[in-house]
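Numbering (this note's numbering), first residue to last: 1222 to 1419.
Just so it is clear, CB atoms sit at the ideal spot from N, CA and C, and this is done for glycine as well.
Note that the coordinates shown come from a computational prediction; the quantities given were computed from them, not determined experimentally.
Structure first, commentary second.
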Amino acid sequence: MTTTLYFIRHCQPNYDNHDDFNRELSEKGLQDRQFLLDFFVNKKVDMIFSSPYKRAYDTVKPLAKKLALDIHTISDFRERKIDNVWIENFTEFTKKQWADFSYKLSDGESLREVQDRNIRALRNLLVEQVDHSILIGSHGTAISTIIKYFDDSFDYDAFDKIKSLMPFILEMTFEHLTCQSISLHNIFTGDCHEIYPL
């Protein structure tokens, strides 16, 4: 039995809001949700889950309304906690984290910790929602650590190529707990890039 997971990276947020939990979508982000409605128009979706962060939740909200489905939040799908203060040199910090998956600031998370909780949540869904098609509102770094788990060659350079793409869709298919395929969809261009298996 095949289970399909669609991880949706949130649309563009308002970066002027430094509150990570409550950061809303920008005007462009709100408009770009239409691309998601178009992408899923002929696709089966049984359930919708989301990170509790506002930008992820609000990204999948129109889809949930159109499909008449509730959104169930899962805290483990939240984005990485960087620190309790705003980081100005974000690129330098991100490179350090990708170079060392255990690196973190005093009040933040390492990418290993982010990966561990995201994979745990993913596996729980695979056990509980067998043979379903599931949509998950999530975040760029969180999704990238999931890719890294299944494809260890995924590195900072690969992350850098997709970090500005909001939203994008990571489609994963599983037979029970075994990953069969991973594809990255650019919904703006219609391009689909198979990540796994290579």
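Under three-state DSSP, which class holds Leu-1405?
Reduced to three states, the DSSP call for Leu-1405 is strand.
From Glu-1245, Ser-1327, Ser-1323, pick the residue whose C-alpha is nearest to that of Glu-1334; which is it?
Nearest of Glu-1245, Ser-1327, Ser-1323 to Glu-1334, Cα basis: Ser-1323.
What residue does the alpha helix (DSSP H) around Leu-1332 start on, and which one ends it?
Per DSSP, Leu-1332 belongs to the alpha helix (DSSP H) from 1332–1349.
In or out: Lys-1374 buried (at least 16 other Cβ within 10 Å) or exposed?
Correcting the residue type first, residue 1374 is Ser in the shown sequence and not Lys. Looking at its Cβ environment, which holds fewer than 16 other Cβ atoms inside 10 Å, Ser-1374 is exposed.
Could you tell me whether the Cβ atoms of Glu-1330 and Ile-1357 are closer together than 9 Å?
no
From Ile-1368, Tyr-1417, Arg-1276, Trp-1319, residue whose alpha carbon lies closest to that of Ile-1340:
Ile-1368
Quick check: the region 1263–1282 against the region 1349–1364, are there 3 or more CB pairs under 8 Å?
yes
Assign Lys-1287 to one of two classes, buried (16 or more other C-beta atoms within 10 Å of its C-beta) or exposed (fewer than that).
exposed
Classify Gln-1252: buried if its beta carbon has 16 or more other beta carbons within 10 angstroms, exposed otherwise.
exposed
Identify every residue that forms a DSSP beta bridge with Pro-1234.
Leu-1246
Considering Phe-1389, what are the terminal residues of the alpha helix (DSSP H) in which it resides?
Element bounds for Phe-1389: n/a, residue is neither H nor E.
Residue of Asp-1328, Arg-1299, Leu-1332, Asn-1305 minimising C-alpha distance to Thr-1315:
Leu-1332
DSSP three-state assignment for Tyr-1377, whether helix, strand or coil
For Tyr-1377, the secondary structure class from DSSP, reduced to helix, strand or coil, is helix.
Count the other C-beta atoms from every protein chain shown that fall within 10 angstroms of the C-beta of Gly-1361, then say buried if there are 16 or more, exposed otherwise.
buried
Along the beta strand (DSSP E) that carries Thr-1294, what are the first and last residues, could you check?
1292–1294
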